[in-house]
Amino acid sequence: MASVAHVEEHHEHPPEAHKSSRVDARLLGMYLFIASETMLFGSFFSIYFFDRVVVGSDTGWPPEGFELPVYLALLNTIILVTSSFSMHWALQSIKRNNRSGLIAGLTLTFLLGLTFLLIQAREYTRIGFGPSDNAFASTFFGLTGLHGLHVFVGLNLLLYALIRSLRGHYGPKAEDHLGVELPGIYWHFVDVMWIVVYTTVYVI
Amino acid sequence: MRNPFRSEAEAFGFVLVCVVLFAAVAVAGILFGGWIALAVFVALAVAVAIYVKGEPKPPDEPVLSRQGGGRRRILVVANETVAGRALRGEVVRRAGAEADVLVVCPALNSPLRHWASDEDGARAEAERRLAASLECLDDEGVEARGEVGDADPIQAMDDALRTFGADEIVISTHPPGRSNWLEKEVIGRARERYPVPITHVVVDLERERQASATS
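Sequence order for the protein chains is G and Z.
Residues in the first sequence are numbered consecutively from 17, following this note's numbering.
Residues in the second sequence are numbered consecutively from 23, following this note's numbering.
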């Protein structure tokens, strides 16, 4: 009888999952995701530098007649770096149980990210060349487009976190604001990638 | 390597570092050209790496299971010596009639195979040794179970102690001069790391073989 009772107990309460890692599984998932994203960006940068060295030695880099809007992109860089500050403010606010700070921070971050994306879309329409024109154009649209896609994904995560915060979710305990922390980590990653893209593609 | 995305605050700090670093690279690029910018980038990246490497690391403490259940729990860690008579005798003496024994046999592998993730052979060999050891302990009336552990004995103990709340640990090695574990100071490191009594058993397999051949 004792063994039967033991078996039933297991059916009601599945045994606790064995966690060999001391890192929360959700955080670990984000680390792995960012690691894979870094490799993806790495492959695009490899193509960029390959083209820059191989093709650029013949045609110049950027080729004659191709000019990038450096200052508009600098404005976009400032906007995106500012959005990292507002994201950090949002998370610090919820850690101090300041809900209005969280909502304001997320809203500001979302709006800054959206502005970045709209400016980039505007830049694409007025830049004067298309992705299929030459290797320079292809790598430019490939790298900046890949980054823009990541900003779009980040905006969706931020919107989701914002809606949840407006519904009263999240709290000051670490476990209760992981839904803000993870989009925050992703957003900072996207910001870091843009700094690298901007410096590489627009400046040097 | 330190993960710069461990938390939102760390990631934000990383953004600030990148802003400063790439601003310097951009200025160098504008003033002196691409190759100088690359040199500045490499120099700054090395400087940041040295700084991060020099930061004090948080103590890496083992996670110990609190499971007990009243019975004495002994963790036995042994390499090729797992089937040695000296170890068996020590385990039998310590376990008595009322103890749970977990034997962990690290899957010893060559460095080349380890880096190539080719550990099937090492695991199979460890399983064979473990099965022989468990059979011997069972014959002596000791209730023991076993598992194959990581090739690093400290890691193998860490892994075992997460789920097996041991009251004491028995580590078996070859004699000094022949033991790789003694060379790596496994016993001393384990004594520093785990807050439970640790017994070191030296098993001289050659002498045991000679003794059994002559008897």
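Beta carbons are placed, not taken as given, at the ideal position from N, Cα and C, and that holds for glycine.
It should be emphasised that the depicted structure is a prediction, and the values quoted were computed from it without experimental measurement.
For the pair Ser155(Z) and Arg95(Z), the Cα-to-Cα distance works out to about 18 Å.
A direct Cα-Cα distance of roughly 19 Å separates Glu230(Z) from Asp161(Z).
Runs of the alpha helix (DSSP H) lying entirely within the segment 93-179 of chain G, each at least 4 residues long, are 115-142 in chain order.
Here Val70(G) is exposed. Its C-beta has fewer than 16 other C-beta atoms within 10 Å. By alpha-carbon distance to Leu86(Z), the top candidate from Asp140(Z), Trp57(Z), Ile220(Z) and Asp181(Z) is Asp181(Z). Taking 8 Å as the threshold, the shortest C-beta distance from Asp207(G) to chain Z falls below it. For Glu197(G), the closest Cβ of chain Z is nearer than 8 Å. Under the Cβ criterion of 8 Å, Phe34(Z) is counted among the residues facing chain G. Within the DSSP secondary-structure output, Pro128(Z) pairs in a beta bridge with Gly171(Z). Excluding its 5 nearest sequence neighbours in each direction, Ser99(G) has C-beta neighbours in its own chain below 8 Å: Leu124, Thr125, Leu128, Gly129, Phe132, Trp203 and Asp207, listed in chain order. Look at Ser29(Z): its C-beta is under 8 Å from a C-beta on chain G. Any Cβ of chain G closer than 8 Å to the Cβ of Phe44(Z) would place that residue at the interface, and such an atom is present.
Asp122(Z) sits buried, since 16 or more C-beta atoms from the chains shown fall within 10 Å of its C-beta.
Counting only the Cα atoms, Ala146(Z) lies some 14 Å from Ser139(Z).
DSSP places Val71(G) in no beta strand (DSSP E); its state is neither H nor E. DSSP places Val206(G) in the uninterrupted alpha helix (DSSP H) bounded by Leu194 to Val213. Burial is judged here by how many other beta carbons sit within 10 angstroms of a residue's own beta carbon; Ser102(G) has at least 16 and is buried. Annotation for Val98(Z): the continuous beta strand (DSSP E) segment containing it runs Arg94 to Ala100. For Ser100(G), the nearest CB of chain Z lies under 8 Å from its own CB, placing it at the interface with that chain. Here Val64(Z) is exposed, its C-beta having fewer than 16 other C-beta atoms within 10 Å. Counting only residues of its own chain and dropping the five nearest sequence neighbours on each side, Pro78(G) has a CB closer than 6 Å to the CB of Phe152. Residues of the segment 174-203 of chain Z that bring their beta carbon within less than 9 Å of a beta carbon in chain G comprise Asp181, Arg184 and Thr185, in sequence order.
In this structure, the alpha-carbon of Arg151(Z) lies about 16 Å from that of Glu228(Z).
Boundaries around Val68(Z) are those of the alpha helix (DSSP H), Gly56 to Gly76, since no beta strand (DSSP E) includes it. Residues of chain G with a Cβ closer than 7 Å to the Cβ of Ala69(Z) do not exist, since the nearest Cβ in that chain sits about 17 Å away.
Here Asp140(Z) carries a coil assignment [DSSP, helix/strand/coil].
Among the CB atoms of chain Z, none fall inside 8 Å of the CB of Leu178(G). The three-state secondary structure of Ile191(Z), taken from DSSP, is strand. Neighbours of Ala59(Z) across chain G, judged by C-beta separation under 7 Å: Ile220. Contact note: Gly51(Z) reaches chain G through Val219 and Ile220, using a C-beta cutoff of 7 Å and chain order. In the displayed model, Ile209(Z) falls within a helix according to three-state DSSP.
For Ala65(Z), no CB of chain G lies under 8 Å from its own CB, so it is not counted at the interface with that chain. If you ignore the 5 residues before and after His193(G), its C-beta comes within less than 6 Å of the C-beta of Ile110 and Tyr186, all in its own chain and listed in chain order.
Taking a Cβ-Cβ cut-off of 7 Å, the neighbours of Gly56(Z) in chain G comprise Ile220, given in sequence order. Taking 8 Å as the upper bound for CB-CB distance, Val196(G) and Leu118(G) are in contact here, some 7 Å apart. Residue range Arg107 to Ala117 is occupied by the alpha helix (DSSP H) that includes Val114(Z).
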